[in-house]
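Okay, so here's the structure we're looking at.
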Amino acid sequence: MIKNNQKTFTISKKVTVEKVSFNNRYGITVSADLYLPKEINKSHKYPAIIVGTPYGGVKEQGAGIYAQEMAERGFVTLAFDESYNGESSGEPRRISSPDIFVEDFSAAVDFIGTRPFVERNKIGVIGICGSGGFALTAAQVDKRIKAVATVSMYDMSRVMRNGWEDSMTDGQRNQTLNQLAEQRWKDFESKEPELTPTFPSEPVDKVPEELDPISSEFFGYYATKRGFHTNSVGAFTKTSAMSFMNFPLMNYIKSISPRPVLFIMGEHAHSRYFSEDAYQMAAEPKELYVVPNSGHVDLYDRTDLIPFDKVKSFFTENM
Numbered sequence: 001m002i003k004n005n006q007k008t009f010t011i012s013k014k015v016t017v018e019k020v021s022f023n024n025r026y027g028i029t030v031s032a033d034l035y036l037p038k039e040i041n042k043s044h045k046y047p048a049i050i051v052g053t054p055y056g057g058v059k060e061q062g063a064g065i066y067a068q069e070m071a072e073r074g075f076v077t078l079a080f081d082e083s084y085n086g087e088s089s090g091e092p093r094r095i096s097s098p099d100i101f102v103e104d105f106s107a108a109v110d111f112i113g114t115r116p117f118v119e120r121n122k123i124g125v126i127g128i129c130g131s132g133g134f135a136l137t138a139a140q141v142d143k144r145i146k147a148v149a150t151v152s153m154y155d156m157s158r159v160m161r162n163g164w165e166d167s168m169t170d171g172q173r174n175q176t177l178n179q180l181a182e183q184r185w186k187d188f189e190s191k192e193p194e195l196t197p198t199f200p201s202e203p204v205d206k207v208p209e210e211l212d213p214i215s216s217e218f219f220g221y222y223a224t225k226r227g228f229h230t231n232s233v234g235a236f237t238k239t240s241a242m243s244f245m246n247f248p249l250m251n252y253i254k255s256i257s258p259r260p261v262l263f264i265m266g267e268h269a270h271s272r273y274f275s276e277d278a279y280q281m282a283a284e285p286k287e288l289y290v291v292p293n294s295g296h297v298d299l300y301d302r303t304d305l306i307p308f309d310k311v312k313s314f315f316t317e318n319m
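Under UniProt numbering, the letters of the sequence shown match residues 1 to 319, in that order.
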């Protein structure tokens, strides 16, 4: 079994990693890993990049890979666990909150922008999967974020309120809200919130054949040795969905301009429509970059496919 502080990838000899923490404005302690280029001169100032995890992931997985790769390319980087999850504080555990997850990005900007070796006017963010939506929403109001890149983006508010590919009817939504309202009473009476289904507590060798293609893709990453981590159980409190259904993430995406946005998605990603639609909604400067022969989860950890040099040039040219 992997230990809580171990990574799902090998630490590069070109970087150093330091465990850090900081408080967000709600008083929750956010746990993070700070990646520095091995030859950093702390008397100089460097551009910085903050990396958010895929929805349900932790900093020891894909977010850490991105942070490490960008540190190798000369940036100071920070991969963090969202509030209530991973090694970050917050009770009860496994809450998912769009407002607080967006706040975590700004809290990370607070922290990294006050490091003496960081150029605080050159801070960018990368959001992977669900955190892509949170990163964009943070940038809508936090102008300290100078550039945003999303990877395999999911708009969690949209999918929870409207269903997959906006297929949810008004009747289905009302039924879901009625179920969530009943769940609140259950949670109150039991004094412990009920969770959505979790991944296995130990890594498995193969994906169950009965899973649908999307669930199979996520299971193949989180529940196998490829991406398994004890802190990443894939579950949130059931009633967390109410906040997402009431909290649109993309309402003010145009206001990020004139700061640039880069949307990266896999050619065969099931989630393409989130990036494509957000790209259409965003104002210039913006770019939609398609990674050939790749799916959604491939861009979590497939370093042979992830366009890190493209990400480097985007941040170098725009911060």
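We put the CB at the ideal spot given by N, CA and C, even for glycine.
- In the three-state DSSP reduction, residue 122 falls in the strand class (E or B).
- Take the alpha-carbon of residue 89 and the one of residue 157: they are about 23 Å apart.
- Per the coordinates, the alpha-carbon of residue 48 lies some 19 Å from the alpha-carbon of residue 137.
- As the crow flies, the alpha-carbon of residue 114 is around 7 Å from that of residue 120.
- The stretch 267–311 contains, as complete beta strand (DSSP E) runs of 3+ residues, the segments 286–291 (chain order).
- CA-to-CA, the gap between residue 26 and residue 177 works out to about 27 Å.
- Residue burial is scored here from C-beta neighbours: residue 280 has fewer than 16 other C-beta atoms within 10 angstroms and is therefore classed as exposed.
- In the structure shown, residue 31 adopts extended strand secondary structure according to DSSP, grouped into three states.
- Collapsing the DSSP output to three states places residue 112 in a helix.
- Under the Cβ criterion (8 Å, minimum of three pairs), the stretch 296–314 counts as touching the stretch 67–77.
- Taking a contact as a CB-CB distance under 8 Å, the pair residue 54 and residue 300 counts as one, their CB atoms being some 6 Å apart.
- Non-local beta-carbon contacts of residue 15 in its own chain, meaning distances under 8 Å to residues more than five positions away in sequence, involve 35, 36, 37, 38, 68, 71 and 72 in chain order.
- Shown here, residue 91 sits in coil according to DSSP, grouped into three states, outside any helix or strand.
- Segment contact: the stretch 221–232 against the stretch 92–111, fewer than three CB-CB distances shorter than 8 Å; contact not assigned.
- Put simply, of 263, 298, 269 and 272 the residue whose alpha carbon is nearest the alpha carbon of residue 125 is 263.
- Below 8 Å, enough C-beta pairs join the stretch 227–238 and the stretch 190–202 to call them touching: three or more.
- The beta carbon of residue 101 sits closer than 6 Å to the beta carbons of 82 and 134 from its chain, once the five residues preceding and following it are set aside; these are given in chain order.
- DSSP lists 118 as the bridge partner or partners of residue 46.
- Pairing residue 149 with residue 251, the inter-Cα distance amounts to about 18 Å.
- Sorting 99, 291, 122 and 206 by C-alpha distance to the C-alpha of residue 248 places 99 at the top.
- Boundaries of the alpha helix (DSSP H) harbouring residue 181: 170–190, taken from the DSSP string.
- Between residue 258 and the set 123, 143, 267 and 204, the nearest pair of CA atoms involves 143.
- The beta-carbon separation of residue 254 and residue 283, rounded to 4 Å, stays under the 8 Å limit for a contact.
- The C-alpha of residue 91 is placed about 17 Å away from the C-alpha of residue 243.
- Annotation for residue 18: the continuous beta strand (DSSP E) segment containing it runs 15–23.
- Pairing residue 32 with residue 59 gives a Cβ-Cβ distance under 8 Å.
- Here residue 254 carries a helix assignment [DSSP, helix/strand/coil].
- Listed as beta-bridge partners of residue 80 by DSSP are 32.
- If you compare the alpha carbons of 192, 193 and 219 with that of residue 203, the shortest gap goes to 219.
- The beta carbon of residue 165 lies closer than 8 Å to those of 273 in the same chain, with the five residues before and after it left out.
- Assigned with DSSP and collapsed to three states, residue 159 falls in helix.
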